[in-house]
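In UniProt numbering, the protein residues as written are 1 to 621. Glycine included, C-beta positions come from ideal geometry on N, C-alpha and C. Okay, so here's the structure we're looking at.
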Amino acid sequence: MNDPTNAADAVRAISGGVHGVQITNVRVTAQGASDFLVTFDIGWGDSWRCPAGEAPGNWDAAWVFFKLRYQRRSPSGKATRAIGKHLAALDASAVSEALRDAGVPGAPAPTSRATLRRGEGGTYLLVEQPRNEGPARHFELSVEGGQLVVVDLNGRWEHARVQPASTPSGKDVVVQGTPESTGVFVYRSATNTTEGGAMLPVVFRDVSVVCALPDVRLGDVRGVELWPFGLEMVYVPEGPFHLGDPEGAQSRVANCFYDSMRVSGRDATYYVDSEGPIQVGQPTAARARATKLLWYDNDDMAGGVGDQKGPVPAPFPKGYRAFYLMKRQITQGQYADFVNTLWKHTPTSYAQMLRHPYGAQGSYRGTLQVSDSTFFIRVATRPARACNFLSWADGTAFAAWAALRPMSELEYEKACRGAAAPIAQEFAWGSTELINGLAIVGDEGGRYAMIGNASLGNGTSPLVGGDGGLGPVEDDVFAAEAPFSGAAYSSVASLRTASARPLTRRSILDRVSTGRSYYGIPALTGNLWELCVTVGNKEGRSFTGDHGDGSVTAYGQAPTRDVGGSLSWPGPASWAFAWRGGSWFTSVGRGYVAARPFGSGAPGYFYRSFDSGFRAARTAP
1 MNDPTNAADA VRAISGGVHG VQITNVRVTA QGASDFLVTF DIGWGDSWRC
51 PAGEAPGNWD AAWVFFKLRY QRRSPSGKAT RAIGKHLAAL DASAVSEALR
101 DAGVPGAPAP TSRATLRRGE GGTYLLVEQP RNEGPARHFE LSVEGGQLVV
151 VDLNGRWEHA RVQPASTPSG KDVVVQGTPE STGVFVYRSA TNTTEGGAML
201 PVVFRDVSVV CALPDVRLGD VRGVELWPFG LEMVYVPEGP FHLGDPEGAQ
251 SRVANCFYDS MRVSGRDATY YVDSEGPIQV GQPTAARARA TKLLWYDNDD
301 MAGGVGDQKG PVPAPFPKGY RAFYLMKRQI TQGQYADFVN TLWKHTPTSY
351 AQMLRHPYGA QGSYRGTLQV SDSTFFIRVA TRPARACNFL SWADGTAFAA
401 WAALRPMSEL EYEKACRGAA APIAQEFAWG STELINGLAI VGDEGGRYAM
451 IGNASLGNGT SPLVGGDGGL GPVEDDVFAA EAPFSGAAYS SVASLRTASA
501 RPLTRRSILD RVSTGRSYYG IPALTGNLWE LCVTVGNKEG RSFTGDHGDG
551 SVTAYGQAPT RDVGGSLSWP GPASWAFAWR GGSWFTSVGR GYVAARPFGS
601 GAPGYFYRSF DSGFRAARTA P
């Protein structure tokens with residue numbers, strides 16, 4: 001057995017990462033009894049940092065976190081004394097006592113499935129918990145030097161504690177930790193170009209963080225594995241914004257927000273200028289001192305009516321405070337990696353099955369598949385494509401696992417519109433101009449683009465080119481002009497004809513042509529629905545913006561209050577989640593920034609749709 005105090009042997013780093021962020025050249029050095037220094041190179045494409053004082057005044061970042069898997073070794077003094085010099089004394093009672101002594105709750109006695117074999121170094125016994133008692137746990141007992149050692153073989157990936165290490169002088173990178181030590185943000189320390197908003201690839205070398213095993217010492221474990229993950233995020237700065245549609249009660253936008261005290265004039269949007277409580281209602285004598293009141297008319301009941309009550313409490317994330325939002329919705333490759341970390345020594349993992357069933361693969365451009373019949377590892381043949389068929393249960397489980405959180409529907413509108421003046425019936429790119437994408441140019445296994453600025457309202461019209469079919473694409477492939485030399489437009493009547501030209505530099509300021517929001521976030525309109533927390537019922541308004549800690553329940557759910565956890569997120573007992581932004585399938589009107597057809601409650605907690613996705617957030621540290 002390797003010496004667990006030697007980091008080179010104790011920790012096996014798995015280089016790589018999910019699509020988008022590439023984490024390579026991982027090196028590990030032991031520091032203390034339970035922590036170690038991890039140094040790595042990291043890079044991703046389409047990165048930027050805008051000059052200070054220039055709109056939108058933000059940057060993109062990588063959210064980096066680590067999963068650890070190890071085998072816990074627990075010496076058992078009582079069982080060792082019972083065994084003495086006679087290995088034959090390792091009977092059922094000694095085994096049960098040994099497991100209890102090692103701190104294994106409810107340890108079972110050996111069953112008929114247990115195997116006893118003579119091996120090098122002593123006697124080994126594998127004990128399996130009966131399947132009808134929940135997810136299986138496996139333990140190995142071995143006699144090492146006359147001492148009985150219990151090893152938990154659960155194989156569960158756990159979330160590592162992580163904080164930045166000291167950054168060498170001269171580095172052009174910021175590595176920012178969080179109060180919970182669940183991950184770090186990595187981003188540029190200076191503007192990347194004199195041209196504001198230009199998106200260029202970035203690589204940072206020799207980034208260092210300190211990782212720690214959760215509540216264990218390196219000397220008590222063996223076979224430690226480290227798996228780094230990186231998600232591209234976009235920083236949304238603190239500041240006020242307009243909520244709703246400027247036409248207010250007269251708007252044709254479904255169920256939109258507006259200020260009920262501004263029913264006349266050119267702008268009836270509600271102005272969010274703090275994280276303080278938001279009063280909800282209509283002007284009455286009792287509210288004579290109110291200067292603004294949030295309201296919505298329940299004029300589209302696709303997702304049920306909201307209770308039109310308030311206030312929206314101060315802890316509810318309103319979008320005024322700075323936050324990070326995933327640059328893209330969860331991709332099929334990212335979701336496959338998430339499900340694969342739920343594997344617990346046995347292929348019959350309840351969590352794994354619940355988060356991705358074995359059937360229904362490959363429909364509506366979904367490529368998530370089970371690769372083998374032994375360990376049921378999930379793979380995606382189009383890993384960068386937005387992941388559809390995600391329910392609220394699936395999306396929030398991913399967010400909890402990544403130490404992120406859901407976004408609120410107010411944050412959704414802030415991420416779209418930013419500090420810009422509101423426009424009636426606008427899309428996420430700040431105008432009413434829609435160039436709907438139906439044609440794919442290039443090979444979807446390599447370099448390609450969708451000609452248009454969104455995939456919205458396609459209904460039953462299949463895509464032309466690429467893999468074809470009905471369903472989502474990558475979030476950031478939209479381009480109203482040919483994105484690289486040699487590209488040719490498909491002969492679709494609705495497309496403009498234009499000579500192809502190289503596009504050597506893109507900017508987050510090119511909003512209309514690329515379908516990006518004020519802050520450079522793609523596909524907030526169309527492609528797949530965005531799942532958010534609603535203010536339309538009391539369960540939604542109870543959301544406080546708390547973050548996941550990297551863990552999920554034994555059944556693969558976010559540990560919310562109604563399943564015995566502590567998170568304030570809407571759980572299976574409530575319908576407090578909204579669908580915003582429309583999808584490739586829906587009508588065009590569903591894609592307006594202010595549209596809330598499902599704003600007051602969406603289909604059920606476990607409901608998976610061919611056009612539903614998820615994008616997680618995190619309050620800025």
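Cβ-based burial, residue i [other Cβ within 10 Å; buried from 16]
i      : result
Ala573 : exposed
Asp60  : buried
Glu54  : exposed
Asp510 : buried
Lys327 : buried
Lys309 : exposed
Ser371 : exposed
Asn25  : exposed
Thr514 : buried
Ala594 : buried
Gly219 : exposed
Gly564 : exposed
Ala62  : buried
Lys538 : exposed
Tyr258 : buried
Ser251 : buried
Gly445 : exposed
Thr29  : exposed
Residue closest to residue i, alpha-carbon to alpha-carbon, out of the options
i      : options                           : result
Gly45  : Gly230, Arg27, Gly223 and Trp157  : Gly230
Ala165 : Phe185, Gln250 and Glu247         : Phe185
Gly540 : Gln250, Ser408, Leu294 and Cys256 : Ser408
Val162 : Val210, Ser600, Gly564 and Arg156 : Val210
Ala616 : Asp41, Asn388, Ala400 and Tyr187  : Ala400
Ala454 : Glu433, Gly442, Arg188 and Gln250 : Glu433
Phe204 : Asp172, Glu232 and Val64          : Asp172
Leu342 : Arg378, Thr586 and Trp569         : Arg378
Asp476 : His356, Arg252 and Glu232         : Glu232
Ala322 : Pro51, Trp569, Leu390 and Tyr412  : Tyr412
Pro311 : Asp297, Gly248, Glu275 and Tyr320 : Glu275
His159 : Arg580, Ser566, Asp549 and Leu567 : Asp549
Residue i versus residue j: straight-line alpha-carbon distance, rounded
i           : j      : result
Pro621      : Val464 : 44 Å
residue 633 : Met199 : Any question about residue 633 goes unanswered here, given that the chain covers just 1 to 621.
Asp245      : Gly536 : 17 Å
Pro406      : Phe66  : 20 Å
Gly556      : Leu68  : 17 Å
Phe610      : Val305 : 24 Å
Ser34       : Ile330 : 32 Å
Ala424      : Phe241 : 15 Å
Gly281      : Leu294 : 6 Å
Arg72       : Asp215 : 11 Å
Trp48       : Asp546 : 28 Å
Glu530      : Ala386 : 11 Å
Trp157      : Val533 : 28 Å
Ala402      : Val224 : 20 Å
Val18       : Leu456 : Note that Val18 scores a pLDDT of 40, beneath 50, so its modelled location is shaky and nothing firm can be said.
Pro227      : Ile435 : For the sequence presented, residue 227 should be read as Trp rather than Pro. Spanning the two alpha carbons is a distance of roughly 40 Å.
Pro130      : Ala554 : Caution is warranted here: a pLDDT of 37 is assigned to Pro130, below 50, making its placement in the model unreliable, and the coordinate value is therefore given only provisionally. Cα to Cα, Pro130 sits roughly 15 Å from Ala554.
Arg287      : Gln279 : 10 Å
Gln334      : Pro383 : 7 Å
Leu325      : Ala290 : 32 Å
His356      : Met450 : 28 Å
Pro237      : Thr544 : 19 Å
Asp300      : Gly248 : 14 Å
For residue j and residue i, believed in contact at Cβ under 8 Å, the rounded distance
i      : j      : result
Gly272 : Asn58  : According to the sequence shown, residue 272 is Val rather than Gly. In fact, because the Cβ distance is near 18 Å, the residues do not count as touching under 8 Å.
Val202 : Thr39  : Not a contact, Cβ separation roughly 18 Å.
Gly526 : Gly468 : Contact flag wrong, Cβ pair sits at about 18 Å.
Gly613 : Leu528 : 3 Å
Ala277 : Ser260 : What sits at residue 277 in the sequence shown is Pro, not Ala. Not confirmed; about 16 Å, so no contact.
Leu472 : Trp584 : The amino acid at residue 472 is misidentified as Leu; the sequence shows Pro. That pair is a contact at about 6 Å.
Gly366 : Asn340 : Contact doesn't hold; Cβ gap of about 17 Å is too wide.
Ala351 : Val552 : 6 Å
Ser391 : Phe606 : 5 Å
Gly183 : Val64  : 6 Å
Arg596 : Ala578 : 7 Å
Ala254 : Arg262 : Not quite, the Cβ-Cβ distance comes to about 20 Å (not below 8 Å), so this is no contact.
Could you pull out every unbroken alpha helix (DSSP H) segment of at least 4 residues lying fully inside the UniProt domain "Sulfatase-modifying factor enzyme-like" (321–432), listed in chain order?
-> 332–340, 350–355, 392–401 and 409–417
4-residue-minimum alpha helix (DSSP H) runs that sit fully inside the stretch 500–564, ordered along the chain = 511–514 and 538–541
Tell me the start and end of each unbroken beta strand (DSSP E) in the stretch 174–238 that is at least 3 residues and wholly inside, in chain order.
-> 184–188, 198–212 and 221–236
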